[in-house]
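According to the working numbering, the stretch in the sequence shown is residues 5 to 136, in order. Reading through the structure tokens given below for one structure.
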Amino acid sequence: MTAGLAPSLVSGWLNTLRSAGTAYSPVAGTFAQLHTGDPGAAGTANVSAGSTTRNSFTFAASSSGSALALSGAPAAWTNGGTSETLTHISVWTAASGGTFLFSVALTASKAWAAADQFTLTSLGASLSPQSS
């Protein structure tokens, strides 16, 4: 799975390392949007015509100090009438507007026809330490 981190997320994380750095506030929520191609640097390219809705999801707390996984009910979308192929998702801080956080390519593209449902059942995020 390939990920694209938004500049705002990267800058926020990096600025916490400055001696006079600013704290990076946790996001109030996480919302996924479906795409038919790479969402691009702003997360706004190739939005699915079958559903433009961003659905809420939550991450469970990191248990290993380096990884997050989905928690609770998965996010699900129903295609509103367009046949297309889903290839990516973007993750945002709000159901509309908000801040783009990152995008990921699906493990496998998904053909998505009118009235089909797509369910996001897994999404992991991890950082690996360089030394212990």
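Even for Gly, the Cβ is constructed at its ideal location relative to N, Cα and C. Only a predicted model underlies this, so the values are computations on that prediction, with no experimental measurement involved.
Rounded to a whole number of angstroms, what is the C-alpha to C-alpha distance between residue i and residue j?
| i | j | result |
| --- | --- | --- |
| A49 | G41 | 8 Å |
| V108 | L74 | 14 Å |
| G76 | T123 | 13 Å |
| L127 | L110 | 9 Å |
| D120 | A65 | 31 Å |
| E88 | A117 | 6 Å |
| A129 | T86 | 30 Å |
| F106 | V95 | 5 Å |
| S55 | K114 | 14 Å |
| Q37 | F104 | 10 Å |
| A79 | A24 | 38 Å |
| V51 | A27 | 32 Å |
| L90 | A46 | 18 Å |
Applying the criterion that 16 or more other CB atoms from any shown protein chain within 10 Å of the CB defines a buried residue, is residue i buried or exposed?
| i | result |
| --- | --- |
| T125 | exposed |
| P30 | exposed |
| L18 | exposed |
| G101 | exposed |
| M5 | Summary for M5: the model assigns pLDDT 39, below 50, so the residue's position carries little reliability, and this model does not support an answer. |
So the candidates are the options; which of them puts its Cα closest to the Cα of residue i?
| i | options | result |
| --- | --- | --- |
| G33 | S87, T103 and T97 | T97 |
| S60 | A119, N83, A99 and F106 | A99 |
| N83 | T62, A65, T91 and A53 | A53 |
| R58 | E88, P43, W81 and T89 | W81 |
| F63 | A112, F35 and H92 | F35 |
Pull up the DSSP beta-bridge partners for residue i, would you.
| i | result |
| --- | --- |
| L105 | Beta-bridge pairing links L105 to no other residue. |
| A115 | T89 |
| T125 | T125 pairs with nothing; no bridge assigned. |
| V95 | A36 and F106 |
Do we get a CB-CB distance below 7 Å when we pair residue i with the residues of chain D?
| i | result |
| --- | --- |
| S75 | As a matter of chain content, chain D is missing from the structure shown, which is built from one protein chain. |
Q. Curious, which full-length beta strand (DSSP E) runs of at least 3 residues does the stretch 57-83 contain?
A. 59-63 and 79-82
Q | Runs of beta strand (DSSP E) wholly within the stretch 33-58 (minimum 3 residues, chain order) | A | 34-39
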